[in-house]
Amino acid sequence: PGEALGLSWADVDLEAAVVHIRQARKVRAGRAELGDLKTSKSRRTLAMPPQVVEALRAHRRRWTEERMALGSSWPVEWGNLVFCTEAGTPIDASNLRRELDRLTRRAGLGSLRPYDLRHTAATLMAAAGTPLEAVADVLGHQGVRMARGVYVHATGQSVMAAVGPMGAALPASGSVAIEGSHPGSHI
5 PGEALGLSWA DVDLEAAVVH IRQARKVRAG RAELGDLKTS KSRRTLAMPP QVVEALRAHR
65 RRWTEERMAL GSSWPVEWGN LVFCTEAGTP IDASNLRREL DRLTRRAGLG SLRPYDLRHT
125 AATLMAAAGT PLEAVADVLG HQGVRMARGV YVHATGQSVM AAVGPMGAAL PASGSVAIEG
185 SHPGSHI
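Put into structure tokens, the structure is as follows:
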């Protein structure tokens, strides 16, 4: 959640429908701070679908109202964080996890963490046929290894799609016997 919690309005271009990932919110020695991303590939520009742009427009209106209500009490040291408390301070990651858990349970989705949303997005992109290189780019990874091994999970659709080619490569049913096998044996 560090990239989202470190996002500034200066990094969001609602007209061009892009977001620039340039920093992350981190905790060092018990204090929140904005800092560098993990790798050079983490620094990236992402296109936003229209639904996200509209949600961010609405969020920006609410955010502006909160900022205006606080006036000079708004903490300038945090700049213009997109996701912050009503007082303009960084959101604590533990509070984010608790609130997301509460919302997803209420929606009947069970308990979800911010990282589960990242895993789900990667899995859905891959299941829709997005090349793993593009999935890795969206996630900010150096290559496809991490995206494939950690974030992309098998879906029923992708598993079933793999069965067809595998079945075609095997000989017809009943034409192959495994020597020494009998019901109940473990191969």
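In my numbering, the protein residues as written are 5 to 191.
The beta-carbon is built from N, C-alpha and C at its ideal position, and this holds for glycine as well.
Are there 16 or more other CB atoms within 10 angstroms of the CB of His-190, so buried, or fewer, so exposed? Sequence index remark: in the sequence shown, residue 190 carries index 186 (1-based). For His-190, the pLDDT reaches just 37, beneath the cut-off of 50, and the residue's location in the model is therefore unreliable, although a value from the coordinates is still provided. When all chains shown are included, His-190 counts as exposed.
Alpha carbon to alpha carbon, how far is Gly-188 from Leu-113? Translated into positions along the sequence shown, residue 188 becomes position 184. Translated into positions along the sequence shown, residue 113 becomes position 109. Only weak support is given to the placement of Gly-188: the predicted model assigns it a pLDDT of 42, under 50, and the question is left unresolved by the model.
Starting from Glu-37, trace the beta strand (DSSP E) in both directions and tell me its first and last residue. Here residue 37 refers to the residue found at position 33 when the sequence shown is read from its first residue. 35-39 is the extent of the beta strand (DSSP E) around Glu-37.
How many angstroms separate the CA atom of Leu-60 from the CA atom of Ala-20? Taking the sequence shown and counting its residues from 1, one reaches residue 60 at position 56. Taking the sequence shown and counting its residues from 1, one reaches residue 20 at position 16. Taking the straight line from one Cα to the other gives about 13 angstroms.
Just curious, the beta strand (DSSP E) that Thr-49 is in, first and last residue? As a working note, residue 49 is residue 45 in the sequence shown. Start and end: 48-51.
Mind checking which residues open and close the beta strand (DSSP E) that includes His-145? In the sequence shown, the residue the question calls residue 145 occupies position 141. Counting along the chain, no beta strand (DSSP E) covers His-145, and no H or E run does either.
7 angstroms CB neighbourhood of Gly-147 in its chain, flanking five on each side removed: For the purposes of this step, residue 147 is taken as residue 143 along the sequence shown, with counting starting at 1. Cβ within range, chain order: Ala-140.
Opposing strand residues paired with Asp-17 [DSSP bridges]: Here residue 17 refers to the residue found at position 13 of the sequence shown. DSSP lists Val-22 as the beta-bridge partner residues of Asp-17.
Closer than 7 angstroms by C-beta to Ile-95: which residues in its own chain qualify, once you throw out the five before and the five after it? Chain order, please. Mapped onto the sequence shown, residue 95 falls at position 91. Within the same chain, Ile-95 has close Cβ partners Leu-9, Phe-87, Cys-88, Thr-89.
Pop quiz: Arg-35 and Gly-6 are said to be a contact at Cβ under 8 angstroms. What is the actual Cβ separation, rounded to whole angstroms? Counting from one through the sequence shown, the residue named residue 35 turns up at place 31. Counting from one through the sequence shown, the residue named residue 6 turns up at place 2. Rounded, the Cβ-Cβ distance is 14 angstroms, inconsistent with contact.
Within the continuous beta strand (DSSP E) that includes Arg-32, where are the two ends? On the sequence shown, position 28 is the one that residue 32 refers to. Note, Arg-32: beta strand (DSSP E), 28-32.
By the 10 Å Cβ neighbour count, where 16 or more other Cβ atoms means buried, how is Gln-3 classified, buried or exposed? Since the first residue shown for the chain is 5 and the last is 191, residue 3 is missing from the structure and cannot be characterised.
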